[in-house]
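Q: Take this structure, written in structure tokens, and hold onto it; I'll ask about it next.
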Amino acid sequence: KFGRLPIHYMISTCIEACCASGRSCSEDPVLEMLEILGFFVKLNPTSLSVSDPKTKLLPFLQASAESTQAMKSNNSNASSIHDELPLSIVYLLLRQDPSLVQPLVSQQSL
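Per full-length UniProt numbering: the sequence shown = residues 1 to 110.
Have a look at this one:
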């Protein structure tokens, strides 16, 4: 729908499910979600540089933004799940392609 890639849906699903459940990030279901997300990246590494059409954000930024949104809509205080899961997703995604956070050098500045 709207040109979203599977990785965009997976990020949304992980964030929504974990923020709603309140489980600790050390529990098996959360670790399995991170592992599945890693498989998505391995199957399509270029997806890391494709912005989600819904949020207009790269996947690592989408994870951060959607976790903030989920925390606000759940009206809950920050807990370990809200702190750790999005950070784990962001780390997983950036570890696959660290160049995503490097500043772009314009041709004019060279």
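For each residue, glycine too, the CB sits at the ideal point set by N, CA and C.
Quick one: what does DSSP say L92 is sitting in, helix, strand or coil?
A: Position 92 of the sequence shown, counting from 1, holds the residue named residue 92. Reduced to three states, the DSSP call for L92 is helix.
Q: Is V101 buried or exposed, if buried means 16 or more other CB atoms sit within 10 Å of its CB?
A: The residue you call residue 101 lines up with position 101 of the sequence shown. Result: exposed.
Q: Taking Cβ to Cβ, would you say D52 is nearer than 8 angstroms to R95?
A: Reading the sequence shown from its first residue, position 52 is the one you call residue 52. Reading the sequence shown from its first residue, position 95 is the one you call residue 95. For D52 and R95, no; Cβs fall outside 8 angstroms.
Q: Can you tell me whether P6 is helix, strand or coil according to DSSP?
A: Residue numbering aside, residue 6 sits at position 6 when the sequence shown is read from its first letter. Residue state, collapsed to three classes: helix.
Q: Taking C-alpha atoms, which residue in P103, S88, D97 lies nearest to L31?
A: On the sequence shown, residue 31 is found 31 positions in, with the first residue counted as 1. Looking at the Cα atoms, S88 is the closest of the given residues.
Q: Mapping DSSP to helix, strand and coil, what is P103?
A: On the sequence shown, residue 103 is found 103 positions in, with the first residue counted as 1. P103 falls in the coil class under three-state DSSP.
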